[in-house]
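Chemist: Read in order, the letters of the sequence shown correspond to residues 278 to 746 in my numbering.
I have a structure I would like to understand better, so I am pasting it below and will then ask my questions one at a time.
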Amino acid sequence: MRSGAIGSRWGINFQVIVTLIDTSFIFSYSCQTLKKALLLAALTWGASILQAQTSLPKPMVDDFNNYTTVGEMGMTVTNFGILGEGWNNPAQPSCRYKQYGSAREMVEMFSYAGLWIGAIPVRDGIEEAPRVSTAIVDGVFESGEEGFEFTTSPATGDTIQIRSTISSASTSPLARYFSLDAVSHQDFIADFTDRRTVWTSETGSTTSIPNHTPLGVDVHLESYAWSHSFMESFVILDYTITNTSEQIDGHGWDLKNIAAGVWVDPSVANMNYRSVFEPGSGFSWYDNINGFDGSYDANGYPRNIGYQFDYDGDDGWTQVYFGVKVLGGTGVQAKSYPEWQSNPTRWYSYYNQWRWSLPENMTFPYFNMPINDLQRYEKLSYSPLGDPLNTVLPPGEAPWLESPNSWMILESAGPFGANNSNGELITHPGESVNVVFALVGAPWSHSAIREDVERRSDLRKNADWAQKA
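Okay, structure coming up:
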């Protein structure tokens, strides 16, 4: 239903691209053993071939061929706010964990994910209606549809930049990206903006982005991945959001109470068991369960992990968790729940879920898909069941935990602001805020079908390492 769609945004036949590379060993999903060093070299070479063969249909330089090759979390990162490649290309992971495991261990976590940013514009002291800029939303596939609201510049160099802390070529081909500025074994650097309201084709024709009223922000993304055994199960996303509204009208406006989140279209699935690329395989989007882990780590930080898993584990082929959590941010104020009043300066995160493209959910009315900027800002700014730290409910009180479906995830945080003015968080033109997320993979800690705290112990452990990083 959803695969093979957004690739048409760039006019690319991914199946043709795949034939450019010998997939019989390097990219086969049926490989039982993968040698990391050999595969990393091949993937680095393969990515360069993919870029060389790709002709982009518009002057904005969309870069969507880069994916993390260190560690066990293989994830595509683009320079226009989207994560994943939509399961258009079997040779490229969307978010695969473990990418170097056996056939039974290589599980795809999501088709697409993307950044959402919301805020209240304040122009000359007057508050306007909230706006939200999105990288992607439910139910859209083609350029010209709403939701694809972040773009790059026409500059030929405005693509993903790579840095690495690895300096020895004998250790890794990533040594050619060695930089003293690198943070991890593989940094991806990207810049994009929500200020454009049209796409421009190579022929000069333009297409308006529907229902897009820009916040006026530029985004600088740095993603980090490591190959250390204790850090190989997550990718960190570090977003710096700058108010550039003055570049729209020459004057600009303040942004009050910025909230930011990662929207995810997860479907935890092992393509070696039932593949979305094989018609009739029995692949399903609708056999997953979402949950929320609001426990605390050893240092007293709330984990607040939104997570998903395959309902029955697919006969042992899909016994993993996908998780997303907020690691921190600039100027985030906690809500005034009693357990937070002793330390109200800690950052605060929110969790939402809903069924794919279902704006009205009569079964779970608090899990409705947002359909406009006001509703999206509300989702970014609160959890539907109140304080997420107190929503870890037993299955009998949380019936969605027994209702497999195509559940979405929105993990968010806020409010953010560069300035605290009488309790209001304000970001003036030219000022920036920062928010950091982690996407985490983990095996089930026991193989029983029942979902419980003990089965999530590895998810918690990996999320805790992401927090420490």
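Glycine residues also receive a C-beta, built at the ideal position from the N, C-alpha and C atoms.
Would you report the Cα separation of ASP299 and ALA368, rounded to the nearest angstrom?
Modeler: Any reading at ASP299 needs caution, since the residue's pLDDT is 35, under 50, leaving its predicted position unreliable; the model's value is listed next. Whole-angstrom Cα-Cα distance: 10 Å.
Chemist: Please state whether DSSP places TYR454 in a helix, a strand or coil.
Modeler: Helix.
Chemist: Taking all protein chains shown into account, decide if ILE486 is buried (16 or more other Cβ within 10 angstroms of its Cβ) or exposed.
Modeler: Buried, by the Cβ-count rule.
Chemist: Which whole runs of the beta strand (DSSP E) in the stretch 342 to 416 are 3 residues long or more, in chain order?
Modeler: Within the stretch 342 to 416, the complete beta strand (DSSP E) runs of at least 3 residues are 372 to 374, 384 to 400, 408 to 411.
Chemist: Report, in whole angstroms, the separation of the C-beta atoms of ILE359 and ALA406, which I expect to be a contact under 8 Å.
Modeler: 26 Å between Cβ atoms; not a contact.
Chemist: Suppose you measure from the CA of TYR627 to the CA of TYR659; what does that come to, to the nearest Å?
Modeler: Taking the straight line joining both Cα atoms gives about 6 Å.
Chemist: Taking ARG473 as part of the alpha helix (DSSP H), name the residues at either end of that continuous run.
Modeler: It is not in any alpha helix (DSSP H) - ARG473 carries neither H nor E in the DSSP assignment.
Chemist: Using a 10 Å radius around the Cβ and a threshold of 16 neighbouring Cβ atoms, would you call LEU457 buried or exposed?
Modeler: Flag for LEU457 reads exposed.
Chemist: Just to confirm my understanding: we take ARG400, look at its own chain, exclude 5 residues before and 5 after, and list those with CB closer than 6 Å. What are they?
Modeler: Hits under 6 Å: TRP530.
Chemist: Which runs of the alpha helix (DSSP H) at least 4 residues long sit entirely within the stretch 496 to 527? Give them in chain order.
Modeler: Whole alpha helix (DSSP H) segments, 4+ residues: 523 to 526.
Chemist: With DSSP collapsed to three states, give me the class of THR331.
Modeler: Caution applies to THR331, whose pLDDT of 29 falls short of 50 and renders its modelled position unreliable; the value that the coordinates give is listed next. Coil at THR331, not helix or strand.
Chemist: Taking the straight line between their C-alpha atoms, what separation do you get for GLN585 and SER445?
Modeler: Taking the straight line from one Cα to the other gives about 38 Å.
Chemist: So what does DSSP say about GLN585, is it helix, strand or coil?
Modeler: Strand at GLN585.
Chemist: Please classify TYR563 as buried or exposed, where buried requires at least 16 neighbouring CB atoms within 10 angstroms.
Modeler: It counts as exposed.
Chemist: What are the partner residues of GLN463, as DSSP defines its beta bridges?
Modeler: Its beta-bridge partners are ALA502.
Chemist: Have a look at SER510, GLY493, ALA546 and flag the residue whose alpha-carbon is nearest the alpha-carbon of ALA715.
Modeler: If we check each option's Cα against that of ALA715, SER510 comes out closest.
Chemist: MET548: which of ARG737, TRP364, MET352, GLN744 sits nearest, CA to CA?
Modeler: Ranking the options by Cα distance to MET548, first place goes to TRP364.
Chemist: Between the stretch 582 to 597 and the stretch 696 to 707, do three or more beta carbon pairs fall short of 8 Å?
Modeler: No: the two stretches stay apart, fewer than three of their Cβ pairs being nearer than 8 Å.
Chemist: Over the uninterrupted beta strand (DSSP E) stretch that includes GLN438, give me the two end residues.
Modeler: Looking at the DSSP string, the run of the beta strand (DSSP E) that includes GLN438 is 438 to 440.
Chemist: Taking the alpha-carbon positions, what's the ALA719 to VAL597 distance?
Modeler: Looking at the two C-alpha atoms, the distance is approximately 6 Å.
Chemist: Taking the runs of the beta strand (DSSP E) that are 3 residues or longer, which of them lie wholly in the stretch 680 to 715?
Modeler: The qualifying runs are 684 to 693, 696 to 698, 701 to 704.
Chemist: In angstroms with no decimal places, state the Cα-to-Cα distance between GLU404 and GLU419.
Modeler: Taking the straight line from one Cα to the other gives about 33 Å.
Chemist: What would DSSP say about GLN744, mapped onto helix, strand or coil?
Modeler: Here GLN744 sits in helix by DSSP.
Chemist: On a CA-only basis, which of TRP476, SER558, ASN356, THR484 is nearest PHE465? Give me that one, please.
Modeler: Nearest C-alpha to PHE465: ASN356.
Chemist: On the three-state DSSP scale, how would you describe PRO491?
Modeler: PRO491 falls in the coil class under three-state DSSP.
Chemist: I need the straight-line Cα distance from ALA546 to PHE569, nearest angstrom please.
Modeler: Computed Cα separation, rounded: 19 Å.
Chemist: What is the rounded straight-line gap between the Cα of ILE437 and the Cα of ASP340?
Modeler: In a straight line, the C-alpha of ILE437 is about 6 Å away from that of ASP340.
Chemist: Could you tell me which of ARG440, THR484, GLY707, MET508 sits nearest to GLU499, measuring between CA atoms?
Modeler: That would be ARG440, whose Cα lies nearest to the Cα of GLU499.
Chemist: If we ignore side chains and look at the alpha-carbon of each, how far apart do TRP503 and SER709 end up?
Modeler: Near 27 Å, if we compare the C-alpha coordinates of SER709 and TRP503.
Chemist: Is there contact between the stretch 490 to 497 and the stretch 513 to 524, where contact requires at least three CB pairs shorter than 8 Å?
Modeler: Touching, per the Cβ criterion.
Chemist: Given 8 Å as the limit, is there contact between the stretch 677 to 689 and the stretch 631 to 649, that is, 3 or more CB pairs closer than that?
Modeler: Yes, they touch.
Chemist: Look at the alpha carbon of HIS723 and the alpha carbon of PRO661, and state the distance between them as a whole number of angstroms.
Modeler: Their Cα atoms are separated by approximately 30 Å.
Chemist: On the three-state DSSP scale, how would you describe ASN649?
Modeler: Three-state DSSP puts ASN649 in coil, outside helix and strand.
Chemist: If ARG632 and TRP594 are in contact, beta carbons under 8 Å, what's the gap, nearest whole angstrom?
Modeler: Between TRP594 and ARG632 the Cβ distance is about 24 Å, and since that is not below 8 Å, they are no contact.
Chemist: Could you compute how far the alpha carbon of THR474 sits from the alpha carbon of GLY402?
Modeler: Whole-angstrom Cα-Cα distance: 25 Å.
Chemist: Under the three-state reduction of DSSP, which class applies to GLY424: helix, strand or coil?
Modeler: GLY424: coil per DSSP, three-state reduction.
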